[in-house]
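Residue numbers (the working numbering), protein chains in the order written: chain V, 1015 to 1121; chain Y, 5 to 122.
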């Protein structure tokens, strides 16, 4: 099974900072990488699918990049409403899906 | 408006069974894979199972194989998760979600809490 290693596990940054979260797959997953945001007490929401496709309504300060085994979620200018835990998800057409361990982002 | 509503959670003793239901509305469920995820309180997310739009492919995480069964009824726009031989470590909030073919899950329900305890 594919393992997803996400880092850091937590980070604290200031409003306006650029933030990056990385996710490494144990084997190549092509474009099958998504990022979710989960605010405290809320349901996870899909931010980015297929490595870099921003979902409708997601602010443009969020972006995704990478290929093969190494992927990055970037927030260009951190805002107070971005406080949340972020998860990467490695998925493929059919078999097992695996989340990263999560990154808690604080201001 | 796309909606997914889970039901069937509750308190069950170890070794017991529960059947979770997921009622879908606002879209044609037969066009989507249906997924189940779970999240232990205070912990991370875990994919549990998913089923092809017409039920021809089914996959499970290793920890629930042989104990959980995912199914769907497209005529009722519903998906189900039959959970047998429940263990304390199955305690979690269970979410159903939909995913387009070869894409990640884009809509999730609000979740239903399953507590396995004596």
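Backbone N, C-alpha and C define an ideal beta-carbon position, used for all residues, glycine too.
These figures come from a predicted structure and were not determined experimentally.
- Message: Using the three-state DSSP reduction, which class does residue 1096 of chain V fall into: helix, strand or coil?
- Response: On the first chain, position 82 is the one that residue 1096 of chain V refers to. In this structure, DSSP gives residue 1096 of chain V a helical state, which the three-state scheme calls helix.
- Between the CA atoms of residue 1119 of chain V and residue 1100 of chain V - distance to the nearest angstrom: Position 86 of the first chain, counted from the first residue, corresponds to residue 1100 of chain V. Position 105 of the first chain, counted from the first residue, corresponds to residue 1119 of chain V. Each residue's alpha carbon lies about 8 Å from the other.
- Item | Cutoff 8 Å: residue 9 of chain Y Cβ touching any chain V Cβ | Along the second chain, one-based indexing puts residue 9 of chain Y at 5. No, no contact with chain V.
- At what residues does the beta strand (DSSP E) containing residue 1120 of chain V begin and finish? For the purposes of this step, residue 1120 of chain V is taken as the residue at position 106 of the first chain. Going by DSSP, residue 1120 of chain V is part of the beta strand (DSSP E) stretching over 1117 to 1120.
- Quick one, which of Y:122, Y:15, Y:31 and Y:22 has its alpha-carbon nearest residue 6 of chain Y's? The residue given as residue 6 of chain Y occupies position 2 in the second chain. Among Y:122, Y:15, Y:31 and Y:22, the Cα nearest to that of residue 6 of chain Y is on Y:31.
- Message: Would residue 44 of chain Y and residue 96 of chain Y qualify as a contact pair, given that the criterion is a beta-carbon distance under 8 Å?
- Response: The sequence position of residue 44 of chain Y within the second chain is 40, counting from 1. The sequence position of residue 96 of chain Y within the second chain is 92, counting from 1. It is a contact, given that the beta carbons lie within the stated cut-off.
- Message: Just to confirm my understanding: we take residue 117 of chain Y, look at its own chain, exclude 5 residues before and 5 after, and list those with CB closer than 6 Å. What are they?
- Response: For the purposes of this step, residue 117 of chain Y is taken as the residue at position 113 of the second chain. The answer, listed in chain order, is 13 and 97.
- Message: Can you give me the C-alpha to C-alpha distance between residue 1112 of chain V and residue 115 of chain Y, rounded to a whole angstrom?
- Response: Taking the first chain and counting its residues from 1, one reaches residue 1112 of chain V at position 98. Taking the second chain and counting its residues from 1, one reaches residue 115 of chain Y at position 111. Using only the alpha carbons, I get a separation of about 19 Å.
- Message: When you compare the CB of residue 2 of chain Y with every CB in chain V, is at least one pair closer than 8 Å?
- Response: The displayed coordinates of chain Y run from 5 to 122. Any statement about residue 2 of chain Y would go beyond what the structure contains.
- Task: Find out if the Cβ-Cβ distance for the pair residue 113 of chain Y, residue 9 of chain Y is shorter than 8 Å.
- Result: Position 109 of the second chain holds residue 113 of chain Y. Position 5 of the second chain holds residue 9 of chain Y. Going by beta carbons, residue 113 of chain Y and residue 9 of chain Y fall inside the 8 Å limit.
- Message: Going by DSSP in three states, residue 1070 of chain V sits in which element: helix, strand or coil?
- Response: Within the first chain, numbered from 1, the residue matching residue 1070 of chain V stands at position 56. DSSP, read as helix, strand or coil, puts residue 1070 of chain V in coil.
- Query: What residues in the stretch 1108 to 1120 of chain V bring their beta carbon closer than 9 Å to a beta carbon of chain Y?
  - Reply: Sequence-ordered contacts of the stretch 1108 to 1120 of chain V with chain Y read 1108, 1109, 1110, 1111, 1112, 1113, 1114, 1115 and 1116 [C-beta pairs closer than 9 Å].
- Query: Name the chain Y residues whose beta carbon is nearer than 8 Å to that of residue 1022 of chain V?
  - Reply: For the purposes of this step, residue 1022 of chain V is identified with residue 8 of the first chain, where counting begins at 1. By Cβ distance, chain Y contributes nothing, its closest Cβ being about 14 Å from residue 1022 of chain V, past 8 Å.
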